[in-house]
Amino acid sequence: MAGGGLSASAPPAGVEFEAKITPIVIISCIMAATGGLMFGYDVGVSGGVTAMPDFLKKFFPVVYRKTLEEDDSNYCKYDNQGLQLFTSSLYLAGLTATFFASYTTRRLGRRLTMLIAGFFFIVGVVLNASAQDLAMLIIGRILLGCGVGFANQAVPLFLSEIAPTRIRGGLNILFQLNVTIGILFANLVNYGTAKIKSGWGWRVSLGLAGVPALLLTVGALIVTDTPNSLIERGRLEEGKAVLRKIRGTDKVEPEFLELVEASRIAKEVKHPFRNLMKRRNRPQLYISVALQIFQQCTGINAIMFYAPVLFDTLGFGSDASLYSTVITGAVNVVSTLISIYSVDKVGRRMLLLEAGVQMFLSQVVIAIILGVKVTDNSNGLHNGLGILVVVLVCTFISAFAWSWGPLGWLIPSETFPLETRSAGQSITVCVNLLFTFVIAQAFLSMLCHFKYGIFLFFSGWVLIMSLFVLFLLPETKGVPIEEMTERVWKKHWLWKRYMDGYQGVAADAINGYDSKKNGHTNGFDPISQL
Ligand code: BGC
1 MAGGGLSASA PPAGVEFEAK ITPIVIISCI MAATGGLMFG YDVGVSGGVT
51 AMPDFLKKFF PVVYRKTLEE DDSNYCKYDN QGLQLFTSSL YLAGLTATFF
101 ASYTTRRLGR RLTMLIAGFF FIVGVVLNAS AQDLAMLIIG RILLGCGVGF
151 ANQAVPLFLS EIAPTRIRGG LNILFQLNVT IGILFANLVN YGTAKIKSGW
201 GWRVSLGLAG VPALLLTVGA LIVTDTPNSL IERGRLEEGK AVLRKIRGTD
251 KVEPEFLELV EASRIAKEVK HPFRNLMKRR NRPQLYISVA LQIFQQCTGI
301 NAIMFYAPVL FDTLGFGSDA SLYSTVITGA VNVVSTLISI YSVDKVGRRM
351 LLLEAGVQMF LSQVVIAIIL GVKVTDNSNG LHNGLGILVV VLVCTFISAF
401 AWSWGPLGWL IPSETFPLET RSAGQSITVC VNLLFTFVIA QAFLSMLCHF
451 KYGIFLFFSG WVLIMSLFVL FLLPETKGVP IEEMTERVWK KHWLWKRYMD
501 GYQGVAADAI NGYDSKKNGH TNGFDPISQL
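Numbering (this note's numbering), first residue to last: 1 to 530.
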């Protein structure tokens, strides 16, 4: 975390701390992988199992009968609140859990919070894989959701804190990369288990979520907590020792002092969420909330959750539907790699704007094809058009995967100043899961009522979010995290109005300005204040 420069003894802004890429940092990457894998697996698995006849027969017989009826509208055969609840309950539980997770990450540390997530995951998986009735199934999903709430709060924080500055952006997108690998893994598993004739394939699909769950739990048991968290909880010496270990050097004094100072400032904020509402913090808050809402309004999860169902609706047949879903899952992973490569070169805005055009066009063309070719009772698309729809879905997903997917998480994590960063992260996760829930719960009904127009609906949102990026989203590429106020917010035509008279946390500290009491001065000794 370079560039804080907050006390007389801390280094000036812009200085990079000494850090090697040590084995412990590599282990942390593997941890991120498992946290992301788990989230991704949960996103990807539900669509496949809800398209499995044996699963439907056991838990949703009404839906099962509808899928057999010839005269029912193509667009409405999966419209069932219970079925949507199976998918969406996870996100509802997750967004509630985020608030508890924000407390445990602060009080118990990042590591223990990840461990809690791991336990929730394991119990959830056991209930799901052995479910005898709908209640067991939904309770299992709720427990998985609690796991997601705790993991998505703690893992990105853990990573940001443990990563050396120069690879923090890359590590951040690595989390999203693992989300996409988790989704693909689930797609592949579903493809295989759908072929199991004796009717328990869905149990294997739900049960294999145990693999990433166990990895996360074991990982959380092995690694040490972050120095930031240890220092925040008053364990200064331990924090310093960990810092030496993860940075692979004894010269950690400047970074240590900055962490101590950062923790002091964070402690001064008695009401983190109220602080977030202060005028000068609102631009980042508006941007983060808007990014999360927009990320979900691209319609990505309509495809992630319900692609097999959607392809089936288009007349693909069960096998071809699952097969197509594997293809779209693979495109998602590969395109995320493109983002890792280009995000610090071409910048965030360029990726978002290019993707806006690509997503808009794909959705409009899909809507036109479906509008013309898939009527309520037709037998679906013939081969050529079917393949074209899959290609267009892939074009849409690839654009999402190098823009709104990773950047929806990256930008909020890099724009908040230190004092509001963790509260900001809670809000970010919560809004994301809330809107994921809304899409999960509403999509099948929307498909039934809007029919092909559903794609026009999402394309309208893509247009709005692209205009938002064009006029309201500042570029954050290459700007040190603690210099955002000076170099980004104060320069923006609109957001600078919110910054009137505010000099930024780093400048505050250097000038001896305390936002609350005009309290501390240049000679401030952070350690004595703890
Ligand atoms: C989103 C998820 C989505 C995934 C798809 C993530 O960034 O938050 O909701 O399912 O990307 O790759």
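Here a beta-carbon is modelled for each residue, glycine too, at the ideal position from N, C-alpha and C. Values in this document were obtained by computation on a predicted structure and should not be read as measured data.
Looking at the structure shown, is residue i part of a helix, part of a strand, or coil, going by DSSP?
i: Y41; result: helix
i: A51; result: coil
i: Y452; result: coil
i: W489; result: helix
i: I196; result: coil
i: E18; result: coil
i: F100; result: helix
i: L388; result: helix
i: G66; result: This sequence places Lys at residue 66; Gly is not what is there. Of the three classes helix, strand and coil, the one that applies to K66 here is helix, per DSSP.
i: D508; result: Only weak support is given to the placement of D508: the predicted model assigns it a pLDDT of 45, under 50, and the value that follows is read from those uncertain coordinates. D508: helix per DSSP, three-state reduction.
i: R497; result: helix
i: F534; result: With the chain represented from 1 up to 530, any question about residue 534 goes unanswered, as that position is not in the structure.
i: F458; result: helix
Taking 8 Å as the line, does the beta carbon of residue i fall inside it for any heavy atom of the ligand BGC?
i: I246; result: no
i: A401; result: yes
i: P23; result: no
i: Q363; result: no
i: T98; result: no
i: W409; result: yes
i: N190; result: no
i: V393; result: no
i: T180; result: yes
i: G40; result: yes
i: Q176; result: yes
i: P212; result: no
i: P412; result: no
i: G405; result: yes
i: M465; result: no
i: M304; result: yes
i: S436; result: Inspection of the sequence shows that residue 436 is occupied by Thr rather than by Ser. T436: yes, Cβ under 8 Å from the ligand BGC.
i: Q296; result: yes
Would you grab the beta carbon distance between residue i and residue j for me? Rounded to a whole angstrom, and I think it's under 8 Å.
i: F39; j: V218; result: Not confirmed; about 17 Å, so no contact.
i: R110; j: F158; result: 4 Å
i: I369; j: V346; result: About 31 Å; that fails the 8 Å criterion.
i: N332; j: I439; result: Going by Cβ atoms, the distance from N332 to I439 rounds to 17 Å, so no, they are not a contact pair.
i: W202; j: F55; result: 4 Å
i: T325; j: A307; result: 5 Å
i: I122; j: A213; result: 5 Å
i: V25; j: A163; result: 7 Å
Under 6 Å Cβ to Cβ from residue i, same chain only, skipping five residues before and after it: list those, please.
i: E238; result: L230
i: M136; result: L127
i: C146; result: A93, A97, F120
i: Q296; result: F435, T436, I439
i: T193; result: G201, V204, S205
i: F294; result: M465
i: K57; result: Y64
i: L208; result: V189
i: Y452; result: A367, L370, G371
Using the Cα positions of residue i and residue j, report the straight-line distance between them to the nearest angstrom.
i: V211; j: V126; result: 12 Å
i: I387; j: Q358; result: 18 Å
i: F458; j: K278; result: 33 Å
i: R247; j: K20; result: 5 Å
i: L184; j: F450; result: 28 Å
i: D508; j: P156; result: Caution is warranted here: a pLDDT of 45 is assigned to D508, below 50, making its placement in the model unreliable, and the coordinate value is therefore given only provisionally. Each residue's Cα considered, the two are about 27 Å apart.
i: I303; j: P61; result: 24 Å
i: F59; j: Y91; result: 20 Å
i: E271; j: P417; result: With the sequence shown as reference, residue 271 is identified as His, and Glu is not the correct amino acid for it. If you take the alpha carbons of H271 and P417, they lie about 15 Å apart.
i: V364; j: A355; result: 14 Å
i: T87; j: K490; result: 42 Å
i: F316; j: M52; result: 14 Å
i: L171; j: S403; result: 16 Å
i: R497; j: P283; result: 10 Å
i: T249; j: F360; result: 49 Å
i: F443; j: A401; result: 20 Å
i: C448; j: T67; result: 14 Å
i: Q132; j: V45; result: 18 Å
i: I300; j: F175; result: 18 Å
i: S445; j: C76; result: 7 Å
i: I138; j: L259; result: 42 Å
Leaving aside the five residues before and after residue i along the sequence, list all residues of the same chain whose C-beta is less than 7 Å from its C-beta, in chain order.
i: E419; result: I265, A266, V269, N275, V505
i: S362; result: L392, T395, F396
i: E475; result: G347, R348, R349
i: A117; result: G147, F150, A151, A154, L216
i: F256; result: K240, L243
Please go through the same chain and pick out, in chain order, the residues whose beta-carbon is closer than 8 Å to the beta-carbon of residue i, but skip the five residues on each side of it.
i: L407; result: L291, S339, V343, R348, L351, L352
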